[in-house]
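These notes are about the structure you will find just below.
In full-length UniProt numbering, the protein residues as written are 1 to 542.
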């Protein structure tokens, strides 16, 4: 992997001359970094001076900056990914498992340094970040095991009959994938997160864009990953990182890129989706964007309003409300006292700083828009005492104002929640009909025997990707059965998931081979089954 142009805290310039180009090198130390980690930055002659500045959310001060990748370098990176795509696709699932495990081991070995760096760029705290970097390593190993297990290839063989030819079907990798990670989970959904891990497991090279909220961490993760992949036998070009807004646009438009994975805002996801659809050859964009995630309180559960309110506010404010699965709307029986209980619960809550100044400002604008549209603030807690602060807030919305076209149907990303009261089941169903598609919905019931639960689950499942009962939705487990997606506009591809074993499906497509000799078939379909995969032969699993 290339070294990166950087405007660091402490620098020692060094000039090198090569036959083909003049290169300016800089070594810099991160003061206080575990182990005194030293990084090397590289700036080619004539490169752009534009950069992503790294900020400390706790103070608003700067940590340093990473220069944007020049267009010529982006082109080279993507061309390298395209050149290695076929070779990488032909590696066995067992080989890719070892590559991903090597990256996981390298992440574990660098955990202290990564947590230290992430804390200075995100302000999320060492406790949270230690847990998340461990999750990153576990995710990588999970996708490695999913890859090796092989059922995602759906190898299917129909032997020739008296009047039919042989048919053999398998999923094949799409090719290079551009990944745009999230700000709120710098490890789990960052440049090495679920999108990258599942794409690599599926046999696709990845070029990830560094997130501007944590550019130094993004680049460091890229350095660790490329080194680990090389040590495990991966060819150059299998993974790389680029920096800058224009570099991201260039990725989406480059003809070598065959798919896009994105986690973030609706505005960002839809912009990439539109860009990909303007290409001469349109490519899929798997954008996980998030929306208002509803919670429905049953009549019996509403008899304990304090319990429901405490759970909702705790989930709504977790991570300063910067989770895509944050519950943003509580639908409660009228007159049950839920609004008062929510106001009391949020007023006693304090949250840590937001990740970026723009996010903090967005919370203020969102609450102001809710008030202007007729919402009433019923409780406000405390934001951080310094840095990019946003106060946790609950807003009561008159039911008649809650419509699909209103501002109340739109997500306010941060520690903000709405409460709307319904009069009866018919009224509740009319309110749910106003919701956009969501990632997850929750039923707050009175227990296993609540008579309303089953009907509500069936109703909510029509418009979300995951339904929980008496289990707050914040957080997403990386498992075989997970579905992290939802109807538009929660995601741009509602049939897909960005987390879990099925995440690999996004980066493959089916191909059927008819009447081929055995030695001309891909390894997954050959008679001797050299990869040892589960396969369906003549309709039966083997």
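Ideal Cβ placement from N, Cα and C applies to all residues, glycine included. Nothing here was measured: the structure is a model prediction, and the numbers come from that model.
Find the nearest neighbour of residue 126 within the set 384, 477 and 115, judged by alpha-carbon distance.
Sorting 384, 477 and 115 by C-alpha distance to the C-alpha of residue 126 places 115 at the top.
Can you tell me which residues form a DSSP beta bridge with residue 209?
180 and 242
Are the segment 251 to 266 and the segment 283 to 295 in contact at 8 Å, needing three or more beta carbon pairs?
Counting Cβ pairs under 8 Å, three or more are found: they touch.
Which two residues bound the contiguous alpha helix (DSSP H) that contains residue 97?
93 to 109
Determine the closest residue to residue 97 out of 266, 201, 235 and 154, with distance taken between C-alpha atoms.
201
When we look at the beta-carbon of residue 73 and count the other beta-carbons within 10 Å, is it buried (16 or more) or exposed?
buried
Is it the case that the Cβ atoms of residue 252 and residue 220 are separated by a distance below 9 Å?
no
Whose CA, out of 330, 379, 273 and 298, lies closest to the CA of residue 450?
298
Quick check on this structure: which residue in 191, 183 and 169 has the alpha carbon closest to the alpha carbon of residue 177?
Among 191, 183 and 169, the Cα nearest to that of residue 177 belongs to 191.
What are the start and end residues of the alpha helix (DSSP H) that includes residue 294?
Element bounds for residue 294: not the alpha helix (DSSP H) but the beta strand (DSSP E), 293 to 297.
Below 8 Å on the Cβ atoms is my guess for residue 269 versus residue 463; work out the distance and round it to an integer in Å.
Incorrect: roughly 18 Å between the Cβ atoms, too far for contact.
From this set, 460, 335 and 315, which residue's C-alpha is nearest residue 345's C-alpha?
315
Are the beta-carbon atoms of residue 133 and residue 111 separated by less than 9 Å?
The answer is yes: Cβ separation under 9 Å.
Roughly how many whole angstroms lie between the Cα atoms of residue 460 and residue 374?
Approximately 26 Å between the Cα atoms of the pair.
Looking at C-beta atoms only, is the number of pairs between the segment 326 to 338 and the segment 478 to 489 that lie closer than 8 Å three or more?
no
In the DSSP assignment, the beta strand (DSSP E) including residue 63 goes from what residue to what residue?
Run containing residue 63: 62 to 67, per the beta strand (DSSP E) assignment.
In three-state terms, what does DSSP make of residue 310?
helix
Measure the beta-carbon distance from residue 535 to residue 529 and round it to whole angstroms, keeping in mind my assumption that it falls under 8 Å.
7 Å
Measure the alpha-carbon distance for residue 276 versus residue 78 and round it to whole angstroms.
16 Å
Can you tell me where the alpha helix (DSSP H) holding residue 424 begins and where it ends?
Residue 424 -> no alpha helix (DSSP H), and no H or E assigned at all.
For residue 405, name the three-state secondary structure that DSSP assigns.
coil
Suppose the cutoff is 7 Å on Cβ atoms and the five residues either side in sequence are ignored; what does the same chain contact list for residue 337 look like?
The residues are 305.
By the three-class DSSP mapping on this structure, what secondary structure does residue 122 have?
helix
So what's residue 317 in DSSP terms, helix, strand or just coil?
helix
CA-CA distance, residue 301 and residue 444?
So the two alpha carbons sit approximately 6 Å from each other.
What do you get for residue 489, buried or exposed, if any count of 16 or more other CB atoms within 10 angstroms of its CB means buried?
buried
Taking only three categories from DSSP, how would you classify residue 149?
helix
With distances taken Cα to Cα, identify the nearest neighbour of residue 254 among 175, 447, 184 and 142.
175
Taking residue 339 as the reference, which of 139, 312 and 355 has the closest Cα?
312
Could you give the DSSP three-state label for residue 499: helix, strand or coil?
Coil.
When you compare the segment 392 to 411 with the segment 376 to 384, are there three or more beta-carbon pairs, one atom per stretch, that lie closer than 8 Å?
yes
Give the C-beta separation of residue 351 and residue 328 to the nearest angstrom, bearing in mind that I take them to be a contact with Cβ-Cβ under 8 Å.
15 Å between Cβ atoms; not a contact.
So within the segment 226 to 287, which uninterrupted alpha helix (DSSP H) runs reach at least 4 residues, ignoring any that extend past its ends?
245 to 253 and 266 to 277
Using the three-state DSSP reduction, which class does residue 167 fall into: helix, strand or coil?
strand
Is the beta carbon of residue 228 less than 9 Å from the beta carbon of residue 105?
yes
How many whole angstroms separate the CB atoms of residue 64 and residue 353, which I take to be in contact at a CB cut-off of 8 Å?
So it is not a contact: roughly 19 Å between Cβ atoms.
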